[in-house]
Amino acid sequence: MSRDDVTERLAGVLALKPGPVDLAKLPTNATPGFEGGKRAGKRALAELTPTISDLQERLFAEGHTGGNRSLLLVLQGMDTSGKGGTLRHSVGLVDPQGVRITSFKAPTRQELRHDFLWRIRKALPEPGYLGIFDRSHYEDVLVARVHELVPPETWTVRYDVINEFERELTGNGVTVVKCFLHLSKKEQKKRLTARLEDPTKYWKYNPGDVDERARWEDYQAAYEAALERTNTDAAPWYVVPADRKWYRNLAITKLLVERLSDLDPQWPAANFDVRGELARLNRT
1 MSRDDVTERL
11 AGVLALKPGP
21 VDLAKLPTNA
31 TPGFEGGKRA
41 GKRALAELTP
51 TISDLQERLF
61 AEGHTGGNRS
71 LLLVLQGMDT
81 SGKGGTLRHS
91 VGLVDPQGVR
101 ITSFKAPTRQ
111 ELRHDFLWRI
121 RKALPEPGYL
131 GIFDRSHYED
141 VLVARVHELV
151 PPETWTVRYD
161 VINEFERELT
171 GNGVTVVKCF
181 LHLSKKEQKK
191 RLTARLEDPT
201 KYWKYNPGDV
211 DERARWEDYQ
221 AAYEAALERT
231 NTDAAPWYVV
241 PADRKWYRNL
251 AITKLLVERL
261 SDLDPQWPAA
271 NFDVRGELAR
281 LNRT
């Protein structure tokens with residue numbers, strides 16, 4: 001994808017390669033597959049708007065007429081990596097009536113009485129929907145590991161459980177797009193500082209983010225293990241450099257366009273006599 005060519009597939013560029021993962025070797029401020037700057041990137045995003053809107057509406061229409069396919073976008077990343085920004089600038093380009101967004105926080109008492117996938121299954125997109133997970137089932141091999149909420153013998157088996165769960169999803173018509181928003185520690189500090197220096201952003205600031213930042217290396221290790229152990233053919237990981245917000249938004253939008261294009265949803269044919277209905281309407 002370049003300023004003059006936005007048709008090249010970005011999935012192949014951002015797809016995580018199989019094998020051990022070393023996040024320190026993966027850039028956070030690069031723009032893989034795109035040669036232009038911020039202005040060109042925003043223009044390219046605008047050019048994708050009618051395409052993603054059309055594809056998403058066709059998928060929604062398909063689901064309302066018996067189709068069983070849906071798409072699930074999983075967003076994971078450190079605090080301030082841009083999960084909320086992605087929702088506004090990428091997912092915000094489509095018709096909200098066909099979107100279901102779920103933000104997973106610390107599990108409730110009721111949720112803790114069930115297995116860790118119970119609340120995830122309840123939030124899965126119905127046929128025709130674009131589902132968005134702002135954080136996800138991966139918190140149970142990330143936060144649970146870093147904060148030692150469960151013993152190692154519990155979270156280590158969850159990788160295989162997650163892989164089986166995602167194979168089940170894809171087998172049932174759910175296209176899973178997993179994006180890791182790869183943010184640098186330096187950029188995170190810059191974004192947290194900006195929230196503290198602007199009264200209009202105080203509401204975004206959470207003192208707990210600094211506590212989590214102190215565990216940066218532990219989280220990097222947890223993410224490396226999760227990415228390596230759950231990067232499958234059925235549900236591969238895409239590593240999206242997140243230091244440049246405009247590129248993050250463009251990349252995720254382009255990934256969604258590519259996967260929706262692969263599905264190629266079609267407008268449902270009329271299940272009634274169109275001419276007959278027009279004649280009836282004209283008689284009223």
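Note that the UniProt record's numbering has the sequence shown beginning at 1, numbered continuously upward.
Cβ coordinates follow ideal geometry from the N, Cα and C atoms, glycine included.
In the DSSP assignment, find the alpha helix (DSSP H) that holds residue i and state where it starts and stops.
{"i": "Gly276", "result": "274-282"}
{"i": "Thr86", "result": "83-89"}
{"i": "Thr175", "result": "No alpha helix (DSSP H) holds Thr175; the beta strand (DSSP E) holding it covers 174-182."}
{"i": "Asp54", "result": "38-63"}
{"i": "Leu153", "result": "Reading off the sequence, residue 153 comes out as Glu, not Leu. It spans 152-171 - the alpha helix (DSSP H) in which Glu153 sits, taken as one unbroken run."}
{"i": "Lys122", "result": "118-122"}
In this structure, does DSSP put residue i in helix, strand or coil?
{"i": "Thr108", "result": "coil"}
{"i": "Arg100", "result": "strand"}
{"i": "Asp262", "result": "helix"}
{"i": "Val133", "result": "Just to set this straight, residue 133 is Phe in the shown sequence, not Val. If DSSP states are grouped into helix, strand and coil, Phe133 belongs with the strands."}
{"i": "Gly19", "result": "coil"}
{"i": "Leu14", "result": "helix"}
{"i": "Asp140", "result": "helix"}
{"i": "Leu93", "result": "helix"}
{"i": "Thr80", "result": "coil"}
{"i": "Arg145", "result": "helix"}
{"i": "Ala270", "result": "coil"}
{"i": "Ala30", "result": "coil"}
{"i": "Arg9", "result": "coil"}
With 16 as the cutoff for other CB atoms within 10 Å, does residue i come out buried or exposed?
{"i": "Lys25", "result": "exposed"}
{"i": "Asp243", "result": "buried"}
{"i": "Gln266", "result": "exposed"}
{"i": "Ser70", "result": "buried"}
{"i": "Gln110", "result": "exposed"}
{"i": "Glu153", "result": "exposed"}
{"i": "Leu281", "result": "exposed"}
{"i": "Glu35", "result": "exposed"}
{"i": "residue 303", "result": "Because the chain here runs from 1 to 284, residue 303 falls outside it and cannot be looked at."}
{"i": "Phe116", "result": "buried"}
{"i": "Ala226", "result": "buried"}
{"i": "Val6", "result": "Only weak support exists for where Val6 lies, its pLDDT of 41 falling under 50; the coordinates are left without a value."}
{"i": "Thr284", "result": "exposed"}
{"i": "His89", "result": "buried"}
{"i": "Trp216", "result": "exposed"}
{"i": "Val21", "result": "buried"}
{"i": "Thr108", "result": "exposed"}
{"i": "Phe63", "result": "Reading off the sequence shown, one finds Gly at residue 63, where the question assumed Phe. Flag for Gly63 reads buried."}
{"i": "Leu278", "result": "exposed"}
Which first and last residues belong to the beta strand (DSSP E) in which residue i is found?
{"i": "residue 323", "result": "Outside the displayed span of the chain (1 to 284) sits residue 323, for which this structure offers no information."}
Considering only heavy atoms of the ligand MG, does any lie closer than 7 Å to the CB of residue i?
{"i": "Leu73", "result": "This structure lacks the ligand MG; in fact it carries no ligand of any kind."}
The segment 190-208 / the segment 136-147 touching (three or more Cβ pairs under 8 Å): no
Which residue spans inside the segment 173-260 form an unbroken alpha helix (DSSP H) run of at least 4? 185-197, 208-213, 216-229
Validate contact between the segment 183-197 and the segment 76-91 using beta carbons, cut 8 Å, 3 pairs: yes
Quick check: the segment 121-139 against the segment 98-106, are at least 3 beta-carbon pairs closer than 8 Å? yes
For the 8 Å Cβ check, are there 3 or more pairs between the segment 50-59 and the segment 262-276? yes
Are the segment 155-163 and the segment 223-240 touching, with three or more C-beta to C-beta distances below 8 Å? yes
Does the segment 249-261 touch the segment 45-52, meaning 3 or more C-beta pairs lie closer than 8 Å? yes
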